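Residue numbers (the working numbering): 5 to 400.
No residue lacks a Cβ here, since even glycine has one placed at the ideal position from N, Cα and C.
Only a predicted model underlies this, so the values are computations on that prediction, with no experimental measurement involved.
To start, the structure under review is shown below, and the notes come after it.
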Amino acid sequence: MQRIPLRWIAVGVFVLSSSLNYLDRQLLAALAPTVRGEFQLTNEQYGLVISSFALVYAAIAPAAGWFIDRVGLNLGAGISVALWSLAGSATAWTRSFSGLLACRTVLGAAEAAGIPATGKANATYLEPRELALGTAFNQVGITLGSVAAPLIVTFMQPRYGWRSTFALCGALGLLWIPLWWFTSKRVPARSVEKSRADKGGGHLFRDRRFWGLALANAFVMTLYALWSNWTTLYFVQERHMTQDQANREFAWIPAVFATAGGFFGGVVSYRWIRSGMNVLRARMRICWISAVILLATAAVPLMPHPALAAAAISLSFFWTLAISTNVYALPIDLFGPSHAGLGVAALTCSFGLMTAFLSPWIGGMVDRVGFTPVCVALSITPLLGIGILRWTLNAK
């Protein structure tokens, strides 16, 4: 029986960190009807809570990526996980809308380093052709956290209340830190981290591709922002289900399909690259195919049954992640391992800014007219994003 290469064990431990990251992040989405009721929030106010997380997430991301490149993966990731775990637990003690806003803001600042750290880990341990697969495996971690959130809420919230759910899940991250330090001491890196001796990543800010990738990602990931934050509320408001029923029956399913989509995008590009296709051409091909299929997201509100709506949302999430897996590998393809943290942070930043501005708009539209115009409008944006990406990669 062939042994698992040690480098994939290191990646696997970081997959677990992504699970904890998204578990803490998605608890609020799973508990949204309960929390909205306790604090008497409108959908627009709930959108502002999402926006506060996303805005600081975006603002901190470049500094977080630079910090990880500068101090190294171990210290940077350890500090980040510790901070977001404490912020997640602190949500249990909020007593007002402003307190909830503050906790989500701190959580966003701490979690801003999560995706850049994972990109740094992939660049440190994996071969270039394996990067999209590494990103796909990271999506497994994201999915585990996203799926676990509604299921944990379904079990814990009726028995122990929503506050205990936040407290317990937030504390889990503190157990990951010694696990990673133990693993990193035993798994050799593919390449020695050069970031500390490097003059820095300032030249990236003068690179047209750096900004083009960030802009393209903001358009590509709109559907990710929609289904990550609004799926439970969609089933409660549009399909007239209870929170418990929505979380138990449907809200966890799209995240599972997202993982399959991430693997699909990663495996397809990996095979094309192995067959001799240019790396960038392989990534662009799967992105174009996925973006065209995502136009079908406009049909989600037309589904006659909640199960069919869940299927349509799942397919939308699937193809979004097929794109995302390859887009998040591009900064490492273009800028190399020594600037992986900052390169991936640019995408994290653009995603956060997009979510910050998009979420209040989604909330306002849902309050006024429902989800139909939201699904129609956002079905188009991935195609626009891939157009920007093509222009960026063709730029001389």
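Buried versus exposed, by CB contacts within 10 Å (16 or more), residue i
i	result
S279	exposed
Q44	exposed
G41	exposed
L382	buried
N274	The question names Asn, but residue 274 is Tyr in the sequence shown. Buried.
E131	exposed
T405	Since the displayed the chain opens at 5 and closes at 400, residue 405 lies outside it and no answer follows.
F214	buried
G165	exposed
L59	buried
N398	exposed
R99	exposed
R108	buried
K124	buried
V15	buried
Among the options, the one whose alpha carbon lies nearest that of residue i
i	options	result
A193	P9, T396 and V283	P9
L179	P364, W12 and V17	V17
Q247	S23, L27, N25 and T38	T38
Y332	A314, V272, I293 and G266	G266
S318	L59, E134, I257 and I327	I257
C173	Q161, P182, L183 and R287	Q161
G145	R29, V271, A360 and G374	R29
S320	W231, G69, F101 and I64	W231
T128	V110, V240, H343 and P308	H343
L428	W292, S363, G368 and A314	Nothing in the structure corresponds to residue 428, since the chain is present only between 5 and 400.
A2	R252, P120 and T376	The structure shown has nothing for residue 2, since the chain only spans 5 to 400.
G347	I119, A360, T376 and L105	I119
L334	F239, H207 and A136	A136
G391	E48, N221 and F71	N221
V19	L183, R167 and P66	L183
V110	G69, A259 and A63	A63
Contacting residues, own chain, Cβ-Cβ under 8 Å from residue i (five flanking each side not counted)
i	result
R200	Note that R200 has pLDDT 43, beneath the 50 cutoff, so the model's placement of it is unreliable and the number below is only indicative. R74, V75 and G76.
I13	T187 and V191
R133	Y274, I277, R278 and V283
A316	A300, T301, A303, V304 and M307
V196	In this predicted model, V196 has a pLDDT of only 46, less than 50, meaning its place in the structure is not dependable enough to derive any value.
F71	G80, A117 and G345
V296	L387
Residues near residue i in its chain [Cβ-Cβ closer than 6 Å; skip 5 each side]
i	result
Y61	G112, A116 and G356
A255	P154, T235 and T236
C379	T301, A302, V304 and P305
T216	Per the sequence presented here, residue 216 reads as Gly, with Thr not at that position. Closer than 6 Å at Cβ, skipping near neighbours: T396.
R289	none
F268	A326
V370	N47
N233	A33 and I54
M358	A222
Close beta carbons around residue i, own chain, < 7 Å, minus the five adjacent residues each side
i	result
A264	F322
T385	F223 and T226
Y228	T324 and S328
A114	S84, L87, W88 and A91
A286	S273, W276 and I277
G270	A136, L137, T139, A140 and T329
F170	L31, G92, S93, T95 and A96
Short CB-CB distance (under 8 Å) between residue i and chain B
i	result
A67	Among the chains in the structure shown there is no chain B, since it carries only a single protein chain.
Below 8 Å, can you find three or more Cβ-Cβ pairs linking the region 349 to 366 to the region 134 to 143?
no
Using 8 Å as the threshold, is the region 48 to 55 in touch with the region 151 to 168, meaning 3 or more CB pairs across them?
no
The region 21 to 36 / the region 82 to 90 touching (three or more Cβ pairs under 8 Å):
yes
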